[in-house]
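Numbering (the UniProt record's numbering), first residue to last: 1 to 129.
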């Protein structure tokens, strides 16, 4: 099946941010890539990267980056051995900025997210009993 250059750029963009975020989680890196750094890895101009992804998906590249970070944050928050501050540090955020960021993307604070998880777990456990 023929794949156009725009789709190739988008797939490579998603691959790079996934690999990068794994390096951040594993502690191999302590900073998040900027869009310009990702574009450099793709050997294209940041404006071209942004335009291609916007045209292909209707969304800015940062949307996909933030969604992947949010998914990882939720996964880390699912594990109670990580405090909210730990999750923030793993993802290179200051804890107070992380809480603001998480709430702006998830619609609830990290602590509210954990409370909802606990409620779901309690409801599931009581139904199974």
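All C-beta atoms, glycine included, are put in the ideal place defined by N, C-alpha and C.
Anticipated Cβ contact below 8 Å, residue i with residue j, distance rounded
i	j	result
residue 13	residue 70	Not quite, the Cβ-Cβ distance comes to about 17 Å (not below 8 Å), so this is no contact.
residue 32	residue 75	Contact flag wrong, Cβ pair sits at about 17 Å.
Straight-line gap, residue i to residue j (C-alpha atoms, nearest Å)
i	j	result
residue 10	residue 39	11 Å
residue 30	residue 87	13 Å
residue 35	residue 8	17 Å
residue 123	residue 47	48 Å
residue 63	residue 26	23 Å
residue 44	residue 66	21 Å
residue 95	residue 89	7 Å
residue 59	residue 51	10 Å
Beta carbon of residue i nearer than 8 Å to that of residue j
i	j	result
residue 77	residue 105	no
residue 99	residue 109	yes
residue 18	residue 68	yes
residue 41	residue 16	yes
residue 6	residue 81	no
Next item on the list: Please list the segments of the alpha helix (DSSP H) lying wholly inside the UniProt domain "HTH araC/xylS-type" (19 to 116), counting only runs of 4 or more residues, in order along the chain.
Entry: 35 to 41, 46 to 57, 61 to 78, 84 to 90 and 95 to 106
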